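In the numbering used here, the protein residues as written are 25 to 410. By construction, the Cβ of each residue, glycine as well, lies at the ideal position given by its N, Cα and C atoms. In this text, all values refer to a predicted model and were calculated from it rather than measured experimentally. Heads up: the structure comes next, in structure tokens.
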């Protein structure tokens, strides 16, 4: 792993995924400030959209205020609404399901593949059959690329195409990942990225919608700009949203995008080191460690307590006592009080991952000293359990 020095002292907390921001980002922000254009039509946002589209080899990109806003626009653009359902993986962050609810559609949850954390395509096939047999209109299937690992699109896309259901790719965690040589986010009809503070690249807040469908992106752009009609006065025929990305944050994003490969490489090196460590610990595995296309946004270890003699909560408590952040994977949506009454197709896989997993510090901003602190703390814990 390439050395990285400087930054926080050895007594500072070590976080899961801190922003990796430096002098380059500062220079881009200063340039944007001095340029004096802060409206969405200024040069920074348009340039960021073009650079992102070119980076992931897609026709169009739309900068938005958050990944959640991008999901909302994507779902509206494919026709989600009060008369429809959208299939959502239960192992995901709440924003995925919330964006469905914003449209008036009903989220229907589907369990994950226990070996990857991604949507269970076999279970989805049965669920789609049940929904269509009962006359439900399925507006979309939302595929989430968990921890940066892409879903099984070789099977997912033909399944959805056969019944005319669009796939919306929630690649919030996966910018910089690839699947069969294609960039994450470009595999469905429309995809989205998040640039929140803890993602591989960040604009502190922000997101982007991407697609090769010009009409879809134009519709999303219209709705995200308060649905203002192209006339000299303010006129609105649709309910719109104030969702466009700040031009200053776009400038920050341009600097981050130029460093994306380096940041992904550091995360991958860190995951490789975790994989080597836990390969020597029976009853543990790194989720998704066999995927060379992942951006390794977060590295999660899965623990079998009956074999290890300890559970992930004990490791988390040990790390917390040494100033190292960790957390379980997502609590499944069907277990969230706000969604527990919704339809769900379940195998127990997401519940099991939630109970047995722990995400570990994974950020490219970690200094060498911080990395050594993390591994020393884990080694200390493991030695005490032998």
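Item	Value
Residue 328 versus residue 261: straight-line alpha-carbon distance, rounded	56 Å
Under 8 Å between C-beta atoms of residue 279 and residue 44	no
Buried or exposed (CB count within 10 angstroms, at least 16 for buried), residue 303	exposed
Residue from 184, 176, 232 and 230 whose Cα sits closest to the Cα of residue 206	176
Three-state class that DSSP yields for residue 252 in the structure shown	strand
Alpha carbon of residue 326 to alpha carbon of residue 335, nearest angstrom	9 Å
Beta-carbon spacing of residue 377, residue 353 below 8 Å	yes
Pairwise C-alpha distance: residue 404 and residue 164	47 Å
Which listed residue (394, 407, 357 and 406) has its alpha carbon closest to that of residue 39	394
Exposure label - residue 400; buried when at least 16 CB within 10 Å	exposed
Extent of the continuous alpha helix (DSSP H) to which residue 341 belongs	336-344
Spatial distance of residue 299 from residue 106 (CA atoms)	45 Å
Buried or exposed by the 16-neighbour rule on C-beta atoms within 10 Å, applied to residue 190	buried
Cβ neighbours of residue 93 in the same chain (closer than 8 Å, five flanking residues each side left out)	231, 248, 265 and 267
DSSP-derived helix/strand/coil call for residue 161	coil
Closest residue to residue 371 among 120, 331, 143 and 274 (Cα-Cα distance)	143
Cβ-Cβ separation, residue 145 to residue 180 (assumed contact under 8 Å), whole Å	5 Å
Residue 54 burial status per 10 Å Cβ neighbour count (16 or more: buried)	exposed
Start-end ranges of the alpha helix (DSSP H) lying completely within the stretch 233-288, minimum 4 residues	238-248 and 271-282
Any non-hydrogen atom of the ligand ZN closer than 7 Å to residue 345 Cβ	What this structure holds is no ligand at all, so the ligand ZN is not there to describe.
Beta-carbon contacts of residue 192 that lie in its chain and below 6 Å, excluding the five residues immediately before and after	98, 164, 166, 212 and 214
Whether residue 283 touches residue 69 by CB criterion (8 Å)	no
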